[in-house]
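Notes follow once the structure below has been shown.
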């Protein structure tokens, strides 16, 4: 599954998803989207890191895990 495409289809981002090594850097546009994403990550115990307001860094493998848990 294309995790980047899954994220783009599900959330609105301020800029394109930035990829660094095996990490996605996500800058959300909407407070509701970032809130939903954080809640889902907590629910399924998926680690992520805040790196400024409306921005999250998450390893690609953890996005895959999140998708599997949602399905």
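Numbering (my numbering), first residue to last: -2 to 68. We treat Cβ as the ideally placed atom computed from N, Cα and C, and that holds for glycine. Just so it is clear, the structure is predicted and the values come from calculations on it, not from any experiment.
The beta carbon of residue 46 sits closer than 6 angstroms to those of 54, all from its chain and outside the five residues before and after it, given in chain order.
For residue 38, there is no enclosing beta strand (DSSP E); the enclosing alpha helix (DSSP H) covers residues 28 to 40.
In the DSSP secondary-structure assignment, residue 10 is bridged to 25.
Residue pairing of residue 50 in beta bridges, as defined by DSSP: absent, with no partner found.
When rounded, the separation of the alpha-carbon atoms in residue 19 and residue 56 is 6 angstroms.
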